[in-house]
């Protein structure tokens, strides 16, 4: 027997050693073969002829030994800017990064995906004055998970021919057809050769931004009304970069920008974001949106859903619009009636009618051992099968569903109560006090029954982020019938819907894209920065408690106000050259900045970090020490009345910080005339007073041009 045991031990040791060696060998081979990297090379050279792909292959030949160069080159960016994606190991990456003409080399990472009432809430009713001819010439580029082309939200009734300026194609794959609404479609995954949306997200965002008007839509009777986009007569071009909610590769996103710019879109909306905030030169959204900006295209980008911790915002570039999410004047509430007659109100997007039926309530398992039955950490199938389960935290109910529970009552945090989600089974979110009452009833009754990103900017803190807020909670919009309406990873939800209710900055972002298109229809010649300024300076103040951080780090300039944005009075304009100079002052290598801009005259003089704050942004962030006296310069352009006089007013002013504006009056005698002013802050910031916020308003008694002022102590 002993000999048998020793032999068995040797056999097990041999097997495990072999497995470990195989794994190590696989890792070594993987590291040797490399992984996907993006090689960014800035603007396309002006010299002709120039073959980007040939140049890219030539660079690869200098760092890769062997004949597999063609298979290493995954894609070239050659329509709107210069660069490529290739399989590289660490040594090859380092060699390429040091080559002339290369701005940056960085790994391709996976990005994540971030109404019938919302447009009325924003002051754009169906009866609002529009120029449908101008609107129908606008193309919204949607970088997302594709689109469901058969949705009624994308019908082309009443739309004329495709705009003559359009240079894109309908390459949506097999069984995918475009029309005069969806005029362009592309996909970027070789395994999923279709622009068709199979997860719903892209259809939702596209219909919110530019969907056609569809009457009498709802989610099982909830949110019933007319679904439409911000600019219903606009055209849509879709660029599918996501094949799941967690798989949106950055090399595909950059390719989508490359195509969208060259295709001739007017606005780009991207509700995707990285898991961390990268430096500008390694940020595909920042890179793509910069080259969009230089072609007159404004990008709206979701700020992220990573919670209220400071500097968790994932959208930081100054040349795009970073969008936070707010609620609208609608809530989905439901009531719970206990067997003893007591009633409690909770939050729920509940599409499961109870018809007065009483359901038994239980804990998830007997109260014993280390597992918490109150938190659904343990499951007893015999207890939960066919019953409603009490769960002290969100997430535990999924284990109960696996064992036959028909629904759940959840003790929800404030954020969960504010943003309920569609669930695969009947559920209700209760506040802590209400949940305790239901728990007490359950414990005391033999047969209990019932009827059923925040800023600041982590890269350049002188630039306020987010920029603006828009409706992003409980938004009803188009959906893919292939995807269940709930986040159901266990296939419990067998429902198929044409419209679904979603929440997040992903839903807020296309609202801003719709407003950008709306403003652009009135001012087709305004620069991206002018449109962004108009949106920011006319926003409605969002009220709320924000502890020791400025509220602007949560909601930006405020909630978007479309009707005011078309007539802002003054705008803060910023040119491509201004942004380039900001990069120079930030300290980026001169040669790299010149490569990005395509202009050898960029970065004149030494870099001065102190001047970054002077970029002509519609918000002002002062980074100060304990004792401070700091100035910021701004220039406004008159787009209101020919003859006008604006007076400066400071509101919500903190008496511990002194703020002055010089001059206090700006007089204009013509349209497009520019005037400059200086804001000075001085005083003392004690250690427990890290952030102050105020606002500067320029008013001519018709227009009120508001700019946030944030004073943040950094040391």
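Numbering (our numbering), first residue to last: 641 to 1355. Glycine is no exception: its CB is placed at the ideal position from the N, C-alpha and C atoms. Predicted, not measured: the structure shown is a model, and the values here were computed from it.
C-alpha gap between residue 1307 and residue 1319, whole angstroms: On the chain shown, position 667 is the one that residue 1307 refers to. On the chain shown, position 679 is the one that residue 1319 refers to. One C-alpha to the other measures close to 17 angstroms.
Expressed to the nearest angstrom, what Euclidean distance is found between the alpha-carbon atoms of residue 1119 and residue 843? The count along the chain shown starts at 1 and reaches residue 1119 at position 479. The count along the chain shown starts at 1 and reaches residue 843 at position 203. Rounded to whole angstroms, residue 1119 to residue 843 spans 6 angstroms at the Cα level.
Between which two residues does the alpha helix (DSSP H) containing residue 1022 stretch? Counting from one through the chain shown, the residue named residue 1022 turns up at place 382. Per DSSP, residue 1022 is one residue of the alpha helix (DSSP H) stretching across 1021 to 1024.
Are there 16 or more other CB atoms within 10 angstroms of the CB of residue 682, so buried, or fewer, so exposed? The residue you call residue 682 lines up with position 42 of the chain shown. By the 10 Å Cβ count, residue 682 comes out buried.
Which partner residues does residue 1314 have in the DSSP bridge list? Numbered from 1 along the chain shown, position 674 holds the residue referred to as residue 1314. DSSP lists 1277 as the bridge partner or partners of residue 1314.
Buried/exposed call for residue 1160, threshold 16 Cβ in 10 Å: In the chain shown, counting from the first residue as 1, residue 1160 sits at position 520. Buried, because 16 or more other Cβ atoms sit within 10 Å of the Cβ of residue 1160.
Report the rounded CA-to-CA distance for residue 845 versus residue 833, giving the unit in angstroms. Residue mapping note: residue 845 aligns to position 205 of the chain shown, counting from 1. Residue mapping note: residue 833 aligns to position 193 of the chain shown, counting from 1. Cα to Cα, the separation comes out at about 21 angstroms.
Give the DSSP-derived three-state secondary structure of residue 910 in the structure shown. Counting from 1 along the chain shown, the entry for residue 910 is found at position 270. Note: residue 910 maps to strand in three-state DSSP.
In the structure shown, what three-state DSSP assignment does residue 724 receive? Within the chain shown, the letter at position 84 stands for residue 724. Of the three classes helix, strand and coil, the one that applies to residue 724 here is strand, per DSSP.
Below 8 angstroms on the Cβ atoms is my contact criterion, and I expect residue 1334 with residue 1294 to pass it. Report the Cβ-Cβ distance as a whole number of Å. Here residue 1334 refers to the residue found at position 694 of the chain shown. Here residue 1294 refers to the residue found at position 654 of the chain shown. The Cβ separation is near 6 angstroms, so the contact holds.
Residue 1118 - partner residues in DSSP beta bridges: As a working note, residue 1118 is residue 478 in the chain shown. Its beta-bridge partners are 1139.
Indicate whether residue 1049 and residue 1027 have their beta-carbon atoms separated by less than 8 angstroms. In the chain shown, counting from the first residue as 1, residue 1049 sits at position 409. In the chain shown, counting from the first residue as 1, residue 1027 sits at position 387. No, they are not a contact pair.
Pick out whichever of 691, 786 and 1203 has its Cα sitting closest to the Cα of residue 768. Counting from 1 along the chain shown, the entry for residue 768 is found at position 128. The option with the nearest alpha carbon to residue 768 is 1203.
In the DSSP assignment, the beta strand (DSSP E) including residue 1348 goes from what residue to what residue? Looking up residue 1348 in the chain shown gives position 708. Here the beta strand (DSSP E) through residue 1348 covers 1344 to 1353.
CA nearest to the CA of residue 1167, picked from 811, 922 and 906: Sequence index remark: in the chain shown, residue 1167 carries index 527 (1-based). Nearest C-alpha to residue 1167: 906.
Would you check if the segment 686 to 701 and the segment 713 to 726 touch, i.e. whether three or more CB-CB distances between them fall below 8 angstroms? yes
Best match in 1018, 1153, 899 and 1270 for proximity to residue 935 [C-alpha to C-alpha]: Here residue 935 refers to the residue found at position 295 of the chain shown. Looking at the Cα atoms, 899 is the closest of the given residues.
Excluding the 5 residues flanking residue 1102 on each side, which residues of the same chain have their C-beta closer than 6 angstroms to its C-beta? If you number the chain shown from 1, residue 1102 lands on position 462. Closer than 6 angstroms at the Cβ level, and outside the excluded window around residue 1102, lie 1252, 1253 and 1261.
Between the C-alpha atoms of residue 917 and residue 1264, what's the straight-line distance to the nearest angstrom? The count along the chain shown starts at 1 and reaches residue 917 at position 277. The count along the chain shown starts at 1 and reaches residue 1264 at position 624. Residue 917 and residue 1264: Cα-Cα distance of roughly 24 angstroms.
Is the beta carbon of residue 713 within less than 7 angstroms of some heavy atom of the ligand NAD? For the ligand NAD, the structure offers nothing, since it holds no ligand at all.
Hey, how far is the Cα of residue 848 from the Cα of residue 742? Here residue 848 corresponds to residue number 208 of the chain shown, with the count starting at 1. Here residue 742 corresponds to residue number 102 of the chain shown, with the count starting at 1. Cα-Cα distance, rounded: 38 angstroms.
Per-residue DSSP class, three states only, for residue 1000: In the chain shown, counting from the first residue as 1, residue 1000 sits at position 360. Note: residue 1000 maps to strand in three-state DSSP.
Three-way DSSP call (helix, strand, coil) for residue 1244 in this model: For the purposes of this step, residue 1244 is identified with residue 604 of the chain shown, where counting begins at 1. Note: residue 1244 maps to coil in three-state DSSP.
Pairing CB atoms from the segment 1170 to 1179 with CB atoms from the segment 909 to 923, are three or more of them under 8 angstroms? no
Environment of residue 1256 [buried if 16+ CB atoms lie within 10 Å]: The residue labelled residue 1256 in the question sits at position 616 within the chain shown. Answer is buried; the Cβ neighbour count reaches 16.
Given residue 1223, which residues of its chain have a CB within under 6 angstroms of its CB, disregarding the five upstream and five downstream residues? In the chain shown, the residue the question calls residue 1223 occupies position 583. Once the five neighbours on either side are set aside, the close Cβ partners of residue 1223 are 1233.
For the candidate residues 838, 1337, 1321 and 1197, whose alpha-carbon lies nearest to that of residue 1351? Stepping through the chain shown from its first residue, residue 1351 is reached at position 711. When only C-alpha atoms are compared, the closest one is 1321.
Along the alpha helix (DSSP H) that carries residue 1202, what are the first and last residues, could you check? Reading the chain shown from its first residue, position 562 is the one you call residue 1202. Its alpha helix (DSSP H) spans residues 1202 to 1205.
What does DSSP give as the partner residue(s) for residue 1111 in the beta ladder? Against the chain shown, residue 1111 aligns to sequence position 471. 966.
Are the segment 1145 to 1157 and the segment 922 to 930 in contact at 8 angstroms, needing three or more beta carbon pairs? no
Beta-carbon proximity list for residue 1208, same chain, < 6 angstroms, skipping 5 on both sides: As a position in the chain shown, residue 1208 is number 568, starting the count at 1. Correct list, in chain order: 1174, 1177 and 1178.
Residue 737 to residue 745 span [Cα, whole Å]: Along the chain shown, one-based indexing puts residue 737 at 97. Along the chain shown, one-based indexing puts residue 745 at 105. Cα to Cα, the separation comes out at about 6 angstroms.
Would DSSP call residue 1212 helix, strand or coil? Sequence index remark: in the chain shown, residue 1212 carries index 572 (1-based). Residue 1212 falls in the coil class under three-state DSSP.
Which residues in the same chain have their Cβ closer than 6 angstroms to the Cβ of residue 1230, if we skip the five residues on either side of it in sequence? Translated into the one-based positions of the chain shown, residue 1230 becomes position 590. 1243, listed in sequence order.
Suppose you measure from the CA of residue 954 to the CA of residue 1278; what does that come to, to the nearest Å? As a position in the chain shown, residue 954 is number 314, starting the count at 1. As a position in the chain shown, residue 1278 is number 638, starting the count at 1. Roughly 33 angstroms between the two C-alpha positions.
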